[in-house]
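One structure is given below, encoded as structure tokens.
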Amino acid sequence: MTEPATVLQARGVVKVFGQHRALDDVSIDLRAGEVHALLGENGAGKSTLIKILTGAYQATEGEVLLEGQPVRFADPLQAQAAGIGTVYQEVNLLPNRSVAENLFLGHQPTRFGFVQKKVIYAKARAVLATYGLDVDVRAELGSYSVAVQQIVAIARAVELSGKVLVLDEPTASLDRNEVDRLFDIIRQLKARGLAIIFITHFLDQVFAISDRMTVLRNGKLIGTSSLKDVSPTDVVRMMLGKDLEILHPVSTAAEGASGPVMLSFDGFGKPGKVAPVTLDIHRGEVVGVAGLLGSGRTELARLMFGVDTAESGKVTMNGKEISLRSPVQAVQAGFGFCPEDRKADGIFGDLSVRENLIIALQAKLGWFKALNRDEQLEIAGRYAEALDIRAANHDMPIKLLSGGNQQKVILGRWLAIDPNFLILDEPTRGIDVGAHAEIVRTINRLREDGLGLLVISSELDEIVAYSSRVVVMRDRQMVAELHGQDISPKIIVQAIAAQHQEAAE
Ligand SMILES: Nc1ncnc2c1ncn2[C@@H]1O[C@H](COP(=O)(O)OP(=O)(O)OP(=O)(O)O)[C@@H](O)[C@H]1O
Ligand SMILES: [Mg+2]
């Protein structure tokens, strides 16, 4: 049997940022018709490597070859022209332009040099239909959820990719059905002979779709191997350089161990967003929120934090009614909120890691009580250590951190205000397996410290691991509240899926 042709190759690539060697002598080769997983911890250098392959960064040393010929892409547009389509980790489309424009930006079908809107709209609808997406392609992209934006970014990259498709954590905000659809499309492209690089922190997805994998650790190449020859434990060991005991933590969140009611939402909702919810939060408990994307999970979190304003019901904290009409009021009441869409709602890209860490605390203290530099350094240092945030230094702009490390900074920001009630929306998204277990432990520790937490997650194993109660959202309503023995992935799935069964009957 002849070896499939190598399409894209990196040889001896080094990338230095200031003092930091993000990549140190890394080589990788991508073959026609393979899905090649690129794996490693947060900050290992995965995104940096694909940015070099696709012209977003230039290598400090080493070379890139396309079909055996050395290439030097000045920017991603040149790589696109050569048939390399890329979805970068942070969706970088234009939220104020229409869905259709985003899909075809820079390669719009034209007739006599004019963009033909009707043609574009029809084509956009047809392309997105293959992803099962039925949206108004004329509407602004920014009016849709992160998942929809992600699918548009993927569809765009697929349209552009004649030879290579690069996907940097494309599935982080997709639900199971959407991931299945994406995998169908990846299989079709593979059959057409494309080389596909796939970065993800979901090991089951690696094993479901990939042929080979390459592991990076601290910027160094650990190895490339066929997935047929390795087990998930081998992969984790290669990534971390050690074994990880707690891949599937079991629940330690016994119900009844929690304290008195701290916070009550009574008929709390907003027409069209979330039907009235009645829910008590006790001290020292984690309420897990399960539900598909679009079920109203994120909308509920946003109402609770005053980002959107509730139109019905009342909220009492320690017996006193409180108002949650803005995030400022929520922070004053002792609430913290880690949003799902870190790029849009979370990070202040140009501010330093330190400033991003202290910003909520500073807002809570009020701007007249400015934290001095020593205090800032102390707080930033403490949370960076507690959460193992890997940054060359805390004065660098947060946008230069790896995706997973940015996520940890946002969590640290809210821990720093010493909240009573913490809302976490998909806290482990984009976080590597090692840090993943660490975040689950952090959630459990905060619960033991007496905080009330509301944690939204698509990962059922994880919800089961820390929740003392689980509420299930469906169609923008709270449809179930599970206790004790009922907190299991199987029963949660049944509650999430009940509607589909009803519809089928
Ligand atoms: N433009 C930049 N300037 C300075 N440092 C950078 C820059 N881009 C990346 N780095 C650093 O290079 C290292 C590797 O980052 P990279 O984004 O490649 O990690 P990653 O493997 O993609 O991690 P994650 O899983 O968290 O996305 C990190 O320490 C990061 O802070
Ligand atoms: Mg990355």
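Residue 1 is where the sequence shown starts when you use the UniProt record's numbering, and the numbers rise one by one after that.
Backbone N, C-alpha and C fix where the C-beta goes; we use that ideal spot for every residue, glycine too.
Quick check: what's the CA-CA separation for residue i versus residue j?
| i | j | result |
| --- | --- | --- |
| G269 | L300 | 8 Å |
| D432 | H201 | 6 Å |
| M478 | T233 | 38 Å |
| R325 | I120 | 41 Å |
| G288 | Y466 | 8 Å |
| A480 | R469 | 10 Å |
| G484 | I491 | 11 Å |
| K408 | Q329 | 24 Å |
| S264 | A310 | 14 Å |
| F198 | V137 | 27 Å |
| residue 509 | V331 | The structure shown does not extend to residue 509, since the chain is modelled only from 1 to 505, so the question has no answer here. |
| V307 | L365 | 20 Å |
| T214 | Q188 | 22 Å |
| I423 | P489 | 21 Å |
| G142 | D175 | 19 Å |
| A333 | E378 | 25 Å |
| C338 | A363 | 15 Å |
| V464 | P4 | 43 Å |
| I186 | D211 | 12 Å |
| V206 | A37 | 6 Å |
| L451 | G412 | 15 Å |
| I359 | D180 | 39 Å |
Within 10 angstroms of the Cβ of residue i, are there 16 or more other Cβ atoms? Answer buried if so, exposed if not.
| i | result |
| --- | --- |
| E375 | exposed |
| W367 | exposed |
| H248 | For H248, the predicted model reports a pLDDT of 46, less than 50, meaning its position is unreliable; a value from the coordinates is still stated below. Counting Cβ neighbours within 10 Å, H248 comes out exposed, since fewer than 16 surround it. |
| I417 | buried |
| N92 | exposed |
| A10 | buried |
| T48 | buried |
| F348 | exposed |
| P271 | exposed |
| K118 | exposed |
| D425 | buried |
| E385 | exposed |
| R447 | buried |
| Q406 | buried |
| S231 | exposed |
| L105 | exposed |
| G68 | exposed |
Heavy atom of ligand 2 less than 8 Å from the Cβ of residue i, yes or no?
| i | result |
| --- | --- |
| S173 | no |
| E169 | yes |
| I199 | yes |
| K46 | yes |
| G294 | no |
| Q89 | yes |
| G346 | no |
| S402 | yes |
Please look up how many angstroms separate the CB atoms of residue i and residue j, rounded, as I've assumed it's under 8 Å.
| i | j | result |
| --- | --- | --- |
| L103 | V152 | 6 Å |
| N420 | M262 | 7 Å |
| V148 | L133 | 7 Å |
| S98 | E140 | 6 Å |
For ligand 1, is there a heavy atom less than 8 Å away from the beta-carbon of residue i?
| i | result |
| --- | --- |
| G259 | no |
| M396 | yes |
| H20 | yes |
| N356 | no |
| E41 | yes |
| F17 | yes |
Contact criterion: CB-CB distance below 9 Å. Does residue i meet it with respect to chain B?
| i | result |
| --- | --- |
| V287 | The displayed structure is made up of one protein chain only, and chain B is not part of it. |
Query raised in the report: Does the pairing of the stretch 289-298 with the stretch 311-325 give three or more beta-carbon distances under 8 Å?
Result: no
Query - Touching by the beta-carbon criterion (3+ pairs, under 8 Å), the stretch 213-233 and the stretch 14-34 - result: yes
Query raised in the report: Does the pairing of the stretch 84-93 with the stretch 53-62 give three or more beta-carbon distances under 8 Å?
Result: yes
Query raised in the report: Okay, do the stretch 69-84 and the stretch 439-448 touch, 3+ Cβ pairs below 8 Å being the bar?
Result: no
Query raised in the report: Does the stretch 186-198 come within contact of the stretch 156-171, defined as at least 3 CB pairs closer than 8 Å?
Result: yes
Query raised in the report: Touch check for the stretch 353-364 and the stretch 393-413: three-plus C-beta pairs under 8 Å?
Result: yes
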